[in-house]
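Residue numbers (the working numbering): 14 to 803. Step one of this worksheet: look at the structure below.
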Amino acid sequence: MLDLAGGWTLSDESGAHVVPFDLPGDGVSALARAGVIPDPYWGRNEYDVRWVSERDWVARRSFTHDGSAAELVVEGLDTVAEVRLNGALVLSAANVHRRWRVDVSAALRAGENAVEILFRSPVREAVARAARMPFPIPYQQVNGPIAHANMLRKQQCDFGWDWNIALGIFGVSGAIRLEAVGPRIGDVLVDQVHSASQVEVQLRVHATSEDVTASLCGVSQTAPVVDGVALLSLVIRDPVLWWPAGQGAQVLHDLVLTGGGARVVKRLGLRDMKLVSEPDAAGRSFGVQVNGRAVFAKGANWIPADALFGRITVEGVRALLQSAVDANMNMLRIWGGGRYEPDWFYDLCDEMGLMVWQDFMFACHLYPSTPEFLAEVDAEVRDVVARISHHACIALWCGDNELIGALTWFPESRKDRDRYLVNYDRLNRTVEAALLDTLPGANWWPSSPSPGPLAFGDAWHDDSSGDMHFWSVWHEGKDFDHYRDVSPRFCSEFGFQSYPSLTAIARFADKKDWNIAAPVMESHQKNPGGNARIAETMFRYFRFPVDFPNFVYVSQIQQGLAIKTAVTHWRSLKPHCQGTLYWQLNDTWPVCSWASLDHGGNWKLLHHMAARFYAPVLVTAVPQAGGIVLRAANDRPEAVTITVTARAAAMNGTTRDLAVATVTVSPDAAVQVLHLAPDALGPDEVLAFTWAGDAEGGDVHAPKPWKAYDLLPSGLAADIRQEGAEWKLTLQVKALAPFVAVESEVPGRLSTNAVTLFPGHPTTITFTPEDPSARPTFTLRDLHSATYGG
Numbered sequence: 014m015l016d017l018a019g020g021w022t023l024s025d026e027s028g029a030h031v032v033p034f035d036l037p038g039d040g041v042s043a044l045a046r047a048g049v050i051p052d053p054y055w056g057r058n059e060y061d062v063r064w065v066s067e068r069d070w071v072a073r074r075s076f077t078h079d080g081s082a083a084e085l086v087v088e089g090l091d092t093v094a095e096v097r098l099n100g101a102l103v104l105s106a107a108n109v110h111r112r113w114r115v116d117v118s119a120a121l122r123a124g125e126n127a128v129e130i131l132f133r134s135p136v137r138e139a140v141a142r143a144a145r146m147p148f149p150i151p152y153q154q155v156n157g158p159i160a161h162a163n164m165l166r167k168q169q170c171d172f173g174w175d176w177n178i179a180l181g182i183f184g185v186s187g188a189i190r191l192e193a194v195g196p197r198i199g200d201v202l203v204d205q206v207h208s209a210s211q212v213e214v215q216l217r218v219h220a221t222s223e224d225v226t227a228s229l230c231g232v233s234q235t236a237p238v239v240d241g242v243a244l245l246s247l248v249i250r251d252p253v254l255w256w257p258a259g260q261g262a263q264v265l266h267d268l269v270l271t272g273g274g275a276r277v278v279k280r281l282g283l284r285d286m287k288l289v290s291e292p293d294a295a296g297r298s299f300g301v302q303v304n305g306r307a308v309f310a311k312g313a314n315w316i317p318a319d320a321l322f323g324r325i326t327v328e329g330v331r332a333l334l335q336s337a338v339d340a341n342m343n344m345l346r347i348w349g350g351g352r353y354e355p356d357w358f359y360d361l362c363d364e365m366g367l368m369v370w371q372d373f374m375f376a377c378h379l380y381p382s383t384p385e386f387l388a389e390v391d392a393e394v395r396d397v398v399a400r401i402s403h404h405a406c407i408a409l410w411c412g413d414n415e416l417i418g419a420l421t422w423f424p425e426s427r428k429d430r431d432r433y434l435v436n437y438d439r440l441n442r443t444v445e446a447a448l449l450d451t452l453p454g455a456n457w458w459p460s461s462p463s464p465g466p467l468a469f470g471d472a473w474h475d476d477s478s479g480d481m482h483f484w485s486v487w488h489e490g491k492d493f494d495h496y497r498d499v500s501p502r503f504c505s506e507f508g509f510q511s512y513p514s515l516t517a518i519a520r521f522a523d524k525k526d527w528n529i530a531a532p533v534m535e536s537h538q539k540n541p542g543g544n545a546r547i548a549e550t551m552f553r554y555f556r557f558p559v560d561f562p563n564f565v566y567v568s569q570i571q572q573g574l575a576i577k578t579a580v581t582h583w584r585s586l587k588p589h590c591q592g593t594l595y596w597q598l599n600d601t602w603p604v605c606s607w608a609s610l611d612h613g614g615n616w617k618l619l620h621h622m623a624a625r626f627y628a629p630v631l632v633t634a635v636p637q638a639g640g641i642v643l644r645a646a647n648d649r650p651e652a653v654t655i656t657v658t659a660r661a662a663a664m665n666g667t668t669r670d671l672a673v674a675t676v677t678v679s680p681d682a683a684v685q686v687l688h689l690a691p692d693a694l695g696p697d698e699v700l701a702f703t704w705a706g707d708a709e710g711g712d713v714h715a716p717k718p719w720k721a722y723d724l725l726p727s728g729l730a731a732d733i734r735q736e737g738a739e740w741k742l743t744l745q746v747k748a749l750a751p752f753v754a755v756e757s758e759v760p761g762r763l764s765t766n767a768v769t770l771f772p773g774h775p776t777t778i779t780f781t782p783e784d785p786s787a788r789p790t791f792t793l794r795d796l797h798s799a800t801y802g803g
């Protein structure tokens, strides 16, 4: 094997720019490193660097080879590209989602060889392909400031989204190498048939050797390769199973495959993963069952870790995924406008117990159904499924993101619905057929959101069946309480925006631009009306912040309250509701968005709150016409017994007892614990409740908007001490202090944040800096100081 990664040279079609180009990597990052363009994330530079995507670019390098027979392997070739070897065209490609393997023996020579990749302008290619369509194929302009992303099998958000920068990038995101022609073990398709005390692991191994031997958990078998495939079956007695996070251990076993001198190792988790969606009295259920156990899905939607894939690292992604696990998540939905992640991403999810809802890469636009386009889709689906389906983390395959809804978004499709419905059906059936032909036992879901197979209803407002996207609170401006007006079977998208943290803002804006109406700040808000909606919501729930830093803080508090309202209520509906995946976990660049993690991985206040509202055992307050009900939800695989105590809390921090009850909650269940009468709380009191026993926790519920309460100066004070690499902040208050937050200007992790404090109950928060030698400066905030000043 000859690795062609490393130093290349990149030049544009005019010859004006020639810069070093490290592959894997993207051209925009290379140009920025070379100083040809400024950092596209800073200020309003985005608009000054879009010219890059409007040109063709060529990457070149030379290498020495012995001239023997070889294949060129390229992964993540982005996107419309031609590869030439010693001047001979060896590959024409137009799909970033596929792997490419071509025999280049005839073009190789002994000694010095030259290879070049021509990257066609994705902007020009998209426009040209749109012009060749037999009828118009609309794209959503809000999510596509660069036109016609839907024409290219490219990461759709590269052309912009309502949270992403629009750069139309190019490059190679994966491996590029030469491999000697010879025996090879390729993709491994795995089917697991579980029964009492055993699992039969059925393997379809693609190989070029005469036979293949498979070994797993001490069991081995050899089978011949026929028409490029070896079929094997290994029966494992008393298997040690893989479980999602929070349900058991993530045990992985080495599957060793050998043949003709080739050797491949795949790590398998033995588990029985089922998507359960069946008609019932309410409509149609939707949930995941693992090893016979219903598992409530808790998590978020995943988008690419960076807008520039050349800046993505394994270590950075590992930290993002670990943050998901640390917030008690067990599932991520890989959203259909990004990319199929590399193999190592799914390895990490296997290890961490993060189930993956895998969208196919179609989102929010309409798409062609020409024979050429569908043939490319067919090949893409087969390639991706063969590459990643053996991973234990893969929970289900979903045909697309919001393409059913998109049928109603454009004048063309509203006017001629039949044509565009058939157009969509051809695409969706191509995806389904290729998936099930490649992996017959796959957990398939046609679209998200969807009421079910061949159902084309409004899954944004109908909560009775399938999975739901619920955007009425953000996009329609409804109150947070509206989350309690729906009872989804599984909510796979819902969200509320906030500003990124001050440390993230400092990475793209000078302090003179720290104003929500500043052009720089508006250019880092890609959702039309987003800044106004954040501000309007503050007027609804809070007294207005005293300055910009406190505006950022309150924006994150209200984001957390919105998502907490939804998640806690929907968890209280178990088993009617079987999952909540909020939009979104991460950001692709520093931007105002729905993410709970800043670009770079810092925890916003929502993520700290998620660690609490996604806790395995939760008690939540549900306001009703007849008062307030406290309900307990249990996600643990065993029953829990807890004692819940409810108190009324005044603004000075004094409390009075209201009620106490002990309850046992079965696995995967939610039960009522206490009912409080409408007059249980005084006009200036909030509800404080705690639980103890098999699980511990506490929360505060304010029946009215926080602006309606006359908060008192909290007297918030901190005793700060360093203990080794950690910093301990012991916080005390003199009055009720909602949403006490600690900020540090140096990167690191806080043990908790956005906590409500009471007098006489000091709380210690630990800060661990990324750099153990760093000496952080801390800023403390609470709701009174943020909105009253002082």
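The C-beta atom is built at its ideal place from N, Cα and C for all residues, glycine as well.
Could you spell out where the alpha helix (DSSP H) holding residue i opens and where it closes?
i, result
"Val630", "Not the alpha helix (DSSP H): Val630 falls in the beta strand (DSSP E), residues 630-637."
"Val390", "384-401"
"Thr800", "796-801"
"Cys362", "356-365"
"Lys428", "424-428"
"Asp35", "Looking at the DSSP string, Asp35 is not in any alpha helix (DSSP H); the run it does join, the beta strand (DSSP E), is 31-36."
"Val277", "Counting along the chain, Val277 falls outside any alpha helix (DSSP H), though it belongs to the beta strand (DSSP E) covering 275-281."
What would DSSP say about residue i, mapped onto helix, strand or coil?
i, result
"Ser568", "helix"
"Ser105", "strand"
"Ile178", "coil"
"Arg68", "coil"
"Ile417", "helix"
"Tyr12", "The question about residue 12 has no answer, for the chain in this structure spans 14 to 803."
"Met342", "coil"
"Arg73", "strand"
"Val330", "helix"
"Asn163", "helix"
"Phe322", "helix"
"Phe172", "helix"
"Asp438", "helix"
"Asp79", "coil"
In chain order, what residues of the same chain lie with their CB nearer than 6 Å to the CB of residue i, ignoring the 5 residues before and after it?
i, result
"Glu7", "Look at the range of the chain in this structure, 14 to 803, and you will see that residue 7 is not part of it."
"Gly38", "Gly184, Gly323"
"Leu281", "His266, Leu268"
"Asp116", "Glu84"
"Cys411", "Asp372, Trp458, Ser461"
Leaving out five residues before and five after residue i in sequence, what residues of the same chain have Cβ atoms less than 7 Å from its Cβ?
i, result
"Thr421", "Arg427"
"Pro196", "Thr221, Ser222, Gly272, Gly273, Gly274, Ala275"
"Pro680", "Asn647, Arg649, Pro650, Glu651, Ala652"
"Cys406", "Tyr359, Cys362, Asp363, Leu367, Met368, Val369"
"Trp852", "Outside the displayed range of the chain (14 to 803) lies residue 852, so it cannot be described from this structure."
"Pro691", "Gly639, Gly640"
Taking DSSP's pairing of strands, which residues face residue i in a bridge?
i, result
"Ser228", "Ser233, Val269"
"Asn314", "Arg346"
"Arg5", "The displayed coordinates of the chain run from 14 to 803. Any statement about residue 5 would go beyond what the structure contains."
"Cys411", "Asp372, Trp458"
"Asn647", "Val630, Ala682"
"Asp91", "Gly184"
"Phe752", "None, per the DSSP bridge assignment."
Which residues bound the beta strand (DSSP E) around residue i?
i, result
"Ile5", "As shown, the chain starts at 14 and ends at 803. That puts residue 5 outside it, with no answer to give."
"Val369", "368-372"
"Leu763", "761-763"
"Arg112", "112-116"
Does the beta carbon of residue i come closer than 8 Å to any beta carbon on chain D?
i, result
"Thr271", "Looking for chain D here will not work: only one protein chain is present."
Excluding sequence positions up to five away, which residues of its chain have a Cβ less than 8 Å from the Cβ of residue i?
i, result
"Leu17", "Leu36, Arg74, Phe76, Val128, Ile189, Arg190, Leu191"
"Thr451", "Leu202, Val394, Arg395, Val398, Ala399, Ser402"
**Asked** At what residue ranges does the segment 686-731 contain a whole run of the beta strand (DSSP E), taking only runs of 3 or more?
**Response** 698-706, 710-714
**Request:** Enumerate, from N- to C-terminal direction, the unbroken beta strand (DSSP E) stretches of 3 or more residues contained entirely within the segment 442-527.
**Result:** 504-506
**Message:** Please give the ranges of any beta strand (DSSP E) in the segment 122-161, keeping only runs that are unbroken, at least 3 residues long and fully inside the region.
**Reply:** 124-132
**Request:** Kindly provide the ranges of any beta strand (DSSP E) runs that are 3 or more residues long and lie completely inside the segment 530-616, ordered along the chain.
**Result:** 592-595
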